[in-house]
Amino acid sequence: MCRKGLHGSGSRGWLILRRTICVLPLLMIFITFGKASLGVLEMNQAQKGTLPYGPYTRTSREMFTWITQKTELESTILFFKPRAMRLMTGHRSLMINNSEQLSRGEYLCYYLREDPVAQYVQIPAQEIEALKTAHRLEPVWSNPDFALYRIHNSQ
6 MCRKGLHGSG SRGWLILRRT ICVLPLLMIF ITFGKASLGV LEMNQAQKGT
56 LPYGPYTRTS REMFTWITQK TELESTILFF KPRAMRLMTG HRSLMINNSE
106 QLSRGEYLCY YLREDPVAQY VQIPAQEIEA LKTAHRLEPV WSNPDFALYR
156 IHNSQ
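And the structure:
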C-alpha cells in the first residue's frame, strides 16, 4: 500500500511540480533577456542607430579615412586603441603613454574627448602642448574628437 502511494496518482502531482520548478527559472531568464533586448533596441532607435563613441562614429571614420589616404602604409601610428587602428587602416600601431616613446612612431593620433580610459593610456594634454611648442609634434589634421600630429624625432 505504501508503494502504491508513492507511484500512484500522488506522484503525478509531484512530477508536475518538479517540471514547473525546472521550467520557471528558464522562463525568468528569457523574460529578463527579452526586456533587456527591448531596452537596447529602443535606445538604438532613439539614437537613430548610432553610438556616441567608438570606431564607427562620423569623427572616427573621418580620422581613419584621412590616415588611410594621406599617410604612408609603412608608417606607425601611435594611438590609444592600436588594434582598432590596425583593423581600420592597415597601419602598424602602438599605444604609448609617455613622450619618451614618441620615437616609436611617425604619427600620433590623440583622442580629444574626456574619457576615463584614454586619460590613463595617452600622453597628458599638457605634455602634448609642450611637445608642439618644442616642434616635436606638428599638427597635420584634426576634427572635434581627434588630433593627428606628425612626429619629428631628433636623431
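Position in the sequence shown counted from 1, then plus 5, gives you the numbering used here. Where is the CB? At the ideal position from N, CA and C, for every residue including glycine. In this text, all values refer to a predicted model and were calculated from it rather than measured experimentally.
* Asked: Could you give the distance in angstroms between the alpha-carbon of tryptophan 146 and the alpha-carbon of tyrosine 154?
  -> Residue numbering aside, residue 146 sits at position 141 when the sequence shown is read from its first letter. Residue numbering aside, residue 154 sits at position 149 when the sequence shown is read from its first letter. Tryptophan 146 and tyrosine 154: Cα-Cα distance of roughly 7 Å.
* **beta strand (DSSP E) segments (min. 3 residues) lying fully within the region 59-146** => 81-83, 97-99 and 112-116
* Ordered along the chain, which non-local residues of its own chain (more than five positions away) have a Cβ less than 7 Å from that of glycine 110? -> What you label residue 110 is simply residue 105 of the sequence shown in a count that begins at 1. Correct list, in chain order: Thr81, Ile82, Leu83, Leu99 and Ile156.
* Counting only the same chain and skipping the five closest in sequence on each side, list residues whose C-beta sits under 7 Å from that of alanine 152. => Within the sequence shown, the letter at position 147 stands for residue 152. Hits under 7 Å: Tyr115, Leu117 and Pro144.
* CA-CA distance, serine 159 and leucine 107? -> Numbered from 1 along the sequence shown, position 154 holds the residue referred to as residue 159. Numbered from 1 along the sequence shown, position 102 holds the residue referred to as residue 107. Rounded to whole angstroms, serine 159 to leucine 107 spans 10 Å at the Cα level.
* Asked: Are isoleucine 72 and methionine 90 close, meaning C-beta to C-beta below 9 Å?
  -> Mapped onto the sequence shown, residue 72 falls at position 67. Mapped onto the sequence shown, residue 90 falls at position 85. Yes, these two residues count as a Cβ contact at 9 Å.
* Asked: Are phenylalanine 85 and valine 122 touching if we call contact CB-CB under 9 Å?
  -> Position 80 of the sequence shown holds residue 85. Position 117 of the sequence shown holds residue 122. Yes. Within cutoff.
* **Check whether serine 65 and aspartate 150 have beta carbons under 9 Å apart** => Here residue 65 refers to the residue found at position 60 when the sequence shown is read from its first residue. Here residue 150 refers to the residue found at position 145 when the sequence shown is read from its first residue. A contact, by the Cβ cut-off of 9 Å.
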